[in-house]
Amino acid sequence: MITADRATLQYMDQGRPLFACRDISVSVYSGEFLGILGPSGSGKSSLLYMLSGLKIPTSGEVRYGDVVLSRLAEEERSTLRLRDFGFVFQQPYLLGYLTALENVMVAVPDGGDVEFEARELLNQLGLSNKTHRHPHELSGGERQRVCVARALLGQPKVVFADEPTASLDHTNGAEVVRLLNHFRGAGSLVMVTHDPSMLAQADRIVRLEDGVIADSSISG
Amino acid sequence: MAISQDPDPNSLLADELTELETIRESANARAAVRVKRPLAPSTYLLRNAGKTLPLTAVIMFAVLLVAAIIALVNSIPYSVRTIYIYSREMLGIGPRGDPEGTQVVLNRIRRESPVHLNRIMVCRATSTQVNSIVGPWPFVVLGLGQDDIRYYLQRQGVKAIEGRLPKAGEAEALVSRPVALNLGLKIGSNVQGPEVENSYSPLNVKVVGIAETSRWIMLNTIEYQRLHHFPPIDLGLVFADNLKDQNTLDHWAEKRFKGKRTQVFAFFQVDRTTDKMFNTLYQILNVVIGMMVLVITFMMGMLINIYQTQRLVEFGLLQAIGYTRKRLFKRTVQESIVVVIAGWILGTATAFGILNLVKIYVMDPHAYAINTLDPTAFWYTVPIPFAIMVVAFVTVVIRFRQFDPVSIVERRLV
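Okay, here's the thing in structure tokens:
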């Protein structure tokens with residue numbers, strides 16, 4: 001489904017090249033839960049951003065099906081992300097002036113009436129009585145669950161989760177991962193974390209160190 | 001035997017809390033507007049009134065300031081025209097220093113006039129002063145015959161008279177309501193006299209009538225002026241059938257008697273002179289307003305920049321999940337348009353309100369003229385929303401061009 005072929009992401013730091021990821025080749029298969037594991041600064045978030053089209057590799061390429069993401073215009077990549085991908089970030093970013101329900105509905109701006117599906121998702125994620133609360137009225141765990149609902153709305157083909165448990169305690173973090181995995185349906189899940197225990201349900205785990213793949217394993 | 005037990009207080013408290021939670025949730029649900037498009041511009045603007053109202057208020061005050069300044073400055077020439085608009089009804093004409101020349105000139109007009117003449121009358125005139133926004137302003141007291149006074153008042157649209165008409169040869173005058181207000185005159189007041197500043201007459205001329213009209217009028221009798229005023233030269237007043245013909249006659253007369261020993265007085269000359277007098281003032285005003293618009297626009301640009309900076313997380317998040325720059329730009333532009341238009345409407349409405357207060361409490365008591373619906377004043381405010389809009393668009397474009405959503409979701413820019 002998504003294939004990175006010798007994908008490299010290089011930054012210039014005070015005139016010196018700095019590699020966030022180097023020559024990474026990895027695939028995300030349809031319906032699988034791929035875990036990307038590694039210590040801080042190992043390039044795991046950079047890899048996730050390349051796989052999702054948020055960053056373009058400086059060399060190599062990332063394909064989504066037959067489409068080479070770097071050959072798409074930025075507007076086309078954005079449209080693709082909105083249509084086919086869902087995102088959960090480290091911080092539970094929500095729009096403060098919208099209710100939980102409205103924050104979820106934001107994921108499908110032109111999708112017609114998605115209110116019913118958004119309500120259903122919030123119900124399934126245990127937030128049925130919080131749909132009209134604003135983010136400041138929710139706990140950290142609840143906010144991240146709203147983000148999960150937003151990522152899952154519209155049944156995306158791939159959900160990208162960048163350390164979604166980073167701002168949560170272990171219990172809440174594990175619950176968020178469980179919910180993501182449970183409700184992603186037929187979609188793939190790509191999750192970045194530095195905590196191996198969060199990837200207990202992953203189908204495959206890729207471990208990064210210093211911007212390169214250290215090893216890859218099939219879980220369970 | 002049945003023993004009644006008191007309910008457990010903890011259980012009651014828990015029940016009450018659950019009930020309160022349910023009530024609160026259903027209240028929230030009722031209060032929440034069913035939003036089909038959560039990112040509609042109105043949603044953001046209405047739910048962030050604390051941020052959008054100050055922006056709207058700045059635009060409102062800018063528009064108010066410009067509209068009020070222009071309307072107040074315009075009130076000066078407007079006052080001048082209002083004071084002299086009575087002269088639109090007739091052509092004044094007189095020989096230069098030749099007492100015998102009046103009838104010669106009037107006969108020539110009778111013969112050669114391009115329009116039908118409704119009435120020709122002979123009058124005398126003495127100078128006096130009225131008060132304007134910019135200080136004392138010259139005015140005339142016309143001395144007319146009794147029949148001519150009636151005709152003149154009818155032409156000036158007089159509906160009623162408080163008091164009576166001046167008697168022939170007596171030291172009596174009739175003024176209109178605006179003149180009475182302007183000079184603080186009542187029936188019995190002296191309008192001219194030996195000690196009346198800038199309005200000399202050898203006798204004290206008392207007001208015996210106040211005419212109800214918006215026109216500025218000061219009349220006494222020709223007999224009184226012939227007896228007591230110098231120079232001994234009659235003037236002619238020539239009335240056409242209507243204002244259109246009058247205008248034709250006035251222009252014809254100016255051309256016909258140009259270079260002759262004849263002086264022509266017509267309203268279009270007042271109009272032309274007023275334009276010339278205030279031309280420089282308006283040039284200065286344009287520079288001042290231009291600078292003001294520039295400063296306001298620059299300030300608004302900075303405010304909009306701060307406003308956008310406060311929303312970086314929102315833009316970053318939306319762009320990261322797949323909103324295109326075009327879509328975000330369109331939304332921001334729509335919001336800006338709503339804020340700017342709302343500010344402009346509020347500004348013009350407030351300006352109208354304040355100018356009406358100025359009219360009621362400052363201008364009307366002295367019969368000073370001001371147009372509270374001055375179209376020029378409101379045209380001057382139109383560049384403000386456009387300039388602000390341009391600055392807003394440029395600011396947003398620059399911001400979106402340099403914007404990297406990853407820096408937001410990675411918390412590098414938050």
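Chains A and B are the protein sequences, given in the same order. Counting from 1, one number per residue, gives the positions in the first sequence under our numbering. Counting from 1, one number per residue, gives the positions in the second sequence under our numbering. Every residue gets a Cβ at the ideal spot worked out from N, C-alpha and C, and that includes glycine. Just so it is clear, the structure is predicted and the values come from calculations on it, not from any experiment.
Interface flag, residue i vs chain A, CB-CB below 9 Å
i: B/Val409; result: yes
i: B/Thr372; result: no
i: B/Gly322; result: yes
i: B/Val130; result: no
i: B/Leu415; result: Absent from the model: residue 415 of chain B. The displayed extent of chain B is 1 to 414, so no value can be given.
i: B/Val338; result: no
i: B/Arg325; result: yes
i: B/Leu294; result: no
i: B/Val396; result: no
i: B/Leu39; result: yes
i: B/Ala32; result: For B/Ala32, the pLDDT reaches just 48, beneath the cut-off of 50, and the residue's location in the model is therefore unreliable, although a value from the coordinates is still provided. Yes, contact with chain A.
i: B/Thr213; result: no
i: B/Val80; result: no
i: B/Glu335; result: no
i: B/Val406; result: yes
i: B/Tyr307; result: no
Buried versus exposed call for residue i [16 or more other C-beta atoms within 10 Å across all chains shown]
i: B/Val63; result: buried
i: A/Ile213; result: buried
i: A/Ser42; result: buried
i: B/Ser336; result: buried
i: B/Gly347; result: buried
i: A/Glu175; result: buried
i: A/Gly65; result: exposed
i: A/His136; result: exposed
i: A/Met12; result: exposed
i: A/Pro196; result: exposed
i: B/Asn361; result: Strictly speaking, residue 361 of chain B in this sequence is Tyr, with Asn absent from that position. B/Tyr361 should be labelled exposed.
i: B/Pro54; result: exposed
Test: residue i CB closer than 9 Å to a CB of chain B
i: A/Pro17; result: no
i: A/Lys55; result: yes
i: A/Ala107; result: yes
i: A/Glu142; result: no
i: A/Ser217; result: no
i: A/Glu75; result: yes
i: A/Asp13; result: no
i: A/Phe89; result: yes
i: A/Asn123; result: no
i: A/Gly65; result: no
i: A/Asn103; result: yes
CA nearest to the CA of residue i, picked from the options
i: B/Lys51; options: B/Thr309, B/Val141 and B/Leu142; result: B/Thr309
i: A/Met221; options: A/Phe19, A/Gly15, A/Leu18 and A/Gly35; result: Residue 221 of chain A lies beyond the range of chain A shown here (1 to 220); nothing can be said about it.
i: A/Pro109; options: A/Leu82, A/Thr131 and A/Phe116; result: A/Leu82
i: A/Glu76; options: B/Phe393, B/Arg327 and B/Ala351; result: B/Arg327
i: B/Ile210; options: B/Met277, B/Leu185, B/Val140 and B/Met292; result: B/Leu185
i: A/Pro39; options: A/Asn103, A/Val68, A/Arg207 and A/Asp215; result: A/Arg207
i: B/Leu106; options: B/Val264, B/Ile398 and B/Arg399; result: B/Val264
i: A/His182; options: A/Ser52, A/Gln155 and A/Ala4; result: A/Gln155
i: B/Met60; options: B/Phe403, B/Leu227, B/Val293 and B/His116; result: B/Val293
i: A/Arg6; options: A/Pro164, A/Val62, A/Ser46 and A/Lys44; result: A/Val62
i: B/Val391; options: B/Val333, B/Pro405 and B/Pro375; result: B/Val333
Which of helix, strand or coil DSSP assigns to residue i
i: B/Leu174; result: strand
i: B/Glu223; result: helix
i: B/Val358; result: helix
i: B/Asn48; result: coil
i: A/Leu72; result: coil
i: B/Thr262; result: strand
i: A/Arg184; result: coil
i: B/Ile217; result: coil
i: B/Gln247; result: One detail in the question is off: residue 247 of chain B reads as Asn in this sequence, not Gln. Of the three classes helix, strand and coil, the one that applies to B/Asn247 here is helix, per DSSP.
i: B/Met277; result: helix
i: A/Ala166; result: coil
i: A/Asp113; result: coil
i: A/Asp5; result: strand
i: B/Asp404; result: coil
i: B/Ala31; result: At B/Ala31 the pLDDT is 45, less than 50, meaning the model places this residue with poor confidence; the figure from the coordinates comes in the next sentence. Three-state DSSP puts B/Ala31 in a helix.
i: A/Tyr49; result: helix
Contacts that residue i makes with chain D (C-beta to C-beta distance below 7 Å)
i: B/Arg47; result: The chain inventory of the structure shown lacks chain D, comprising the protein chains A and B.
Discussion item. Quick check: the segment 24 to 34 of chain A against the segment 175 to 191 of chain A, are at least 3 beta-carbon pairs closer than 8 Å?
Written reply: yes
Worksheet item: Between the segment 69 to 82 of chain B and the segment 127 to 137 of chain A, do three or more beta carbon pairs fall short of 8 Å?
Response: no
Discussion item. Pairs of beta-carbons, one from the segment 185 to 204 of chain B and one from the segment 84 to 99 of chain B, closer than 8 Å: are there three or more?
Written reply: no
Worksheet item: Counting pairs of beta carbons, one from the segment 90 to 104 of chain A and one from the segment 146 to 154 of chain A, are three or more of them closer than 8 Å?
Response: yes
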